[in-house]
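Only one structure is covered here, and it is reproduced in the block below.
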Amino acid sequence: MSIILSAKNLTKTYPGNKYRSLINFNLNVEKGQITALLGESGCGKTTALRIIAGFESAEKGEVIINNRVMANDRLFTEPNDRGVGIVFQDYALFPHKTVWKNIVFGLNKLSKSEQQSVAEKVLSLTGLKGYEQRYPHQLSGGQRQRVALARALAPNPGVLLMDEPFSNIDSMKKNQIREEIREILKAAGTTVVFVTHDTKDVLAIADRVAVMKEGVLMQEGTPKEIFNHPANEYIAHFFGKTNVFQGNADENGKVASEIGVFNLPEGKDFGENVSISVRPNSFLVHTTERRGTVQVLVKKRIFMGEYTELICSIQSGSEAGMDLFVHVSSDFQATNDHLWLEVEEKNAWLMDLH
Numbered sequence: 001m002s003i004i005l006s007a008k009n010l011t012k013t014y015p016g017n018k019y020r021s022l023i024n025f026n027l028n029v030e031k032g033q034i035t036a037l038l039g040e041s042g043c044g045k046t047t048a049l050r051i052i053a054g055f056e057s058a059e060k061g062e063v064i065i066n067n068r069v070m071a072n073d074r075l076f077t078e079p080n081d082r083g084v085g086i087v088f089q090d091y092a093l094f095p096h097k098t099v100w101k102n103i104v105f106g107l108n109k110l111s112k113s114e115q116q117s118v119a120e121k122v123l124s125l126t127g128l129k130g131y132e133q134r135y136p137h138q139l140s141g142g143q144r145q146r147v148a149l150a151r152a153l154a155p156n157p158g159v160l161l162m163d164e165p166f167s168n169i170d171s172m173k174k175n176q177i178r179e180e181i182r183e184i185l186k187a188a189g190t191t192v193v194f195v196t197h198d199t200k201d202v203l204a205i206a207d208r209v210a211v212m213k214e215g216v217l218m219q220e221g222t223p224k225e226i227f228n229h230p231a232n233e234y235i236a237h238f239f240g241k242t243n244v245f246q247g248n249a250d251e252n253g254k255v256a257s258e259i260g261v262f263n264l265p266e267g268k269d270f271g272e273n274v275s276i277s278v279r280p281n282s283f284l285v286h287t288t289e290r291r292g293t294v295q296v297l298v299k300k301r302i303f304m305g306e307y308t309e310l311i312c313s314i315q316s317g318s319e320a321g322m323d324l325f326v327h328v329s330s331d332f333q334a335t336n337d338h339l340w341l342e343v344e345e346k347n348a349w350l351m352d353l354h
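Counting with full-length UniProt numbering, you get residues 1 to 354 for the letters of the sequence shown.
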């Protein structure tokens, strides 16, 4: 696949801020790929998006879109000449214009017949046929988002940039709207970069994700890769509840811990101290003691619908007193509050302690 967007070594420091907002940020996005920039507020993800869009300049680095250099230390291309479409967090629709007029607003270089052809195409693509003469205030949040998306897609941008696209959507409707937006973007074949702080957005629609913290891109991969194989403890916790144990590696690549002995991944060397991540649904739960298990006391049971969450405390060893999250089936029954947990090697992910 061809690379449509390339950001190389982008660095940015805002005046009056002694910390850099972006540090040597690198990103390649392939044609038709949906890539998420994921992180907490202030991690640099929106700064990266704004530099790619041309709303801000980097003090160092280069932006290339469709094999054309848009910005470096000698060149700066204005946003309207970069061939990018943008969906803002608040959608930025014109309240006094109809859906139709919002969509054709950026098509002024086309003839009326060409505008009509493009508008009808994106109206059909986004499921907005029949809403042409409505105004933004007459639409639901999800419909307004689709109008903003249709307007951004109408000029056929090389790259579509989206800033927190689901933050203004009612939580009850988010899952449905995420599915709809992914279907629209894939049907259009659009190359997308979107910013979010919500891992659910990433898991629902992204092909790839770049996890950021304090201006640094910490890990990049598919959502499944990063969920199952986080680079460090921060990323493991960011992608949902997990249990992190400490282990000690020997010269033979064996890592000993309270929950078992595991092999270091091939080619990995984390030093003597290693973190081990185990997701709550990855434990084998026993009601009697077995070899290779760790004893826990169930402190609380929380019914979650499809499963029950157990909050347990380790009873002995170096991790004694540590609380664990354990997910079991909703109909799980135990005769007392003492359980024994086991972890298979395939469900234990070894990672850098830091």
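Cβ atoms here follow ideal geometry from the backbone N, Cα and C, with glycine treated the same way. Values in this document were obtained by computation on a predicted structure and should not be read as measured data.
Please state the DSSP three-state secondary structure of Asn228. In the displayed model, Asn228 falls within a helix according to three-state DSSP.
Check: Can you tell which of Pro157, Gly189 and Gly141 has the C-alpha that lies nearest to the C-alpha of Lys173?
Finding: Nearest Cα to Lys173 within the set Pro157, Gly189 and Gly141: Gly141.
* Taking the alpha-carbon positions, what's the Val294 to Val122 distance? -> Rounded to the nearest whole angstrom, the CA to CA distance from Val294 to Val122 is 57 Å.
- What span of residues does the beta strand (DSSP E) with Gly247 cover, start to end? Taken as a continuous stretch (DSSP letters only), the beta strand (DSSP E) holding Gly247 covers Asn243 to Ala249.
Item to check | Neighbourhood of Leu284 by C-beta distance below 6 Å, restricted to the same chain and skipping five residues each side | outcome: Taken in chain order, the residues that qualify are Glu342.
Buried or exposed: which applies to Pro157, given that a residue is buried once 16 or more other Cβ atoms fall within 10 Å of its Cβ?
Taking a 10 Å sphere around the C-beta of Pro157, we find 16 or more other C-beta atoms and assign the residue as buried.
Legend entry - Anticipated Cβ contact below 8 Å, residue 410 with Met212, distance rounded: Nothing about residue 410 can be reported from this structure: the residues present for the chain run from 1 to 354 only.
Problem set entry | Nearest-angstrom Cα separation, counted from Pro223 out to residue 356 | Any question about residue 356 goes unanswered here, given that the chain covers just 1 to 354.
| Tell me which same chain residues have a C-beta within less than 6 Å of the C-beta of Gly215, skipping the five on either side of it? | Excluding positions up to five away in sequence, the list reads Arg20, Ser21, Leu22, Ile23 and Gly44.
Item checked: 4 or more residues per run - each alpha helix (DSSP H) lying fully within the segment 68 to 118 -> Qualifying alpha helix (DSSP H) stretches, in chain order: 99 to 104.
Original post:
On the three-state DSSP scale, how would you describe residue 359?
Top reply: An answer regarding residue 359 cannot be provided, because it is not within the stretch 1 to 354 covered by the chain.
Check for me: the alpha helix (DSSP H) holding residue 410 runs from which residue to which?
Only positions 1 to 354 of the chain appear in the structure, and residue 410 is not among them; the question remains open.
Across the segment 72 to 86 and the segment 268 to 278, are there enough close Cβ pairs to call them in contact, namely three or more that are closer than 8 Å? Between the segment 72 to 86 and the segment 268 to 278 there are fewer than three inter-stretch CB-CB distances shorter than 8 Å, so the stretches are not counted as touching.
Checklist entry - Does DSSP classify Tyr234 as helix, strand or coil? => result Judged by DSSP in its simplified three-state form, Tyr234 adopts helix.
* Leaving out five residues on either side along the sequence, give the residues of the same chain with a beta carbon under 8 Å from the beta carbon of Leu9. => Checking the displayed sequence, the identity of residue 9 turns out to be Asn instead of Leu. Non-local C-beta neighbours of Asn9 in its own chain, meaning closer than 8 Å and more than five positions away in sequence, comprise Asn24, Phe25, Asn26, Lys60, Gly61 and Glu62, ordered along the chain.
- Task: Would you mind giving the Cβ-Cβ distance between residue 377 and Leu160, rounded to the nearest angstrom? I have them listed as a contact below 8 Å.
- Result: Absent from the model: residue 377. The displayed extent of the chain is 1 to 354, so no value can be given.
C-alpha gap between Glu251 and Ser329, whole angstroms:
The alpha-carbon atoms of Glu251 and Ser329 are separated by roughly 39 Å.
### Task
Could you tell me whether the segment 138 to 155 touches the segment 110 to 126, where touching means 3 or more Cβ pairs closer than 8 Å?
The segment 110 to 126 and the segment 138 to 155 touch, with three or more beta-carbon pairs separated by less than 8 Å.
Any contact of the segment 26 to 38 with the segment 78 to 86, i.e. 3+ C-beta pairs under 8 Å? Contact annotation: the segment 26 to 38 does not touch the segment 78 to 86, with fewer than three C-beta pairs closer than 8 Å.
Sort out for me which residues DSSP pairs Ala320 with in a bridge. Residue pairing for Ala320: DSSP places it in no beta bridge.
Please identify the residue among Asp207, Glu309 and Arg290 whose C-alpha is closest to the C-alpha of Lys299. Closest option to Lys299, Cα to Cα, is Glu309.
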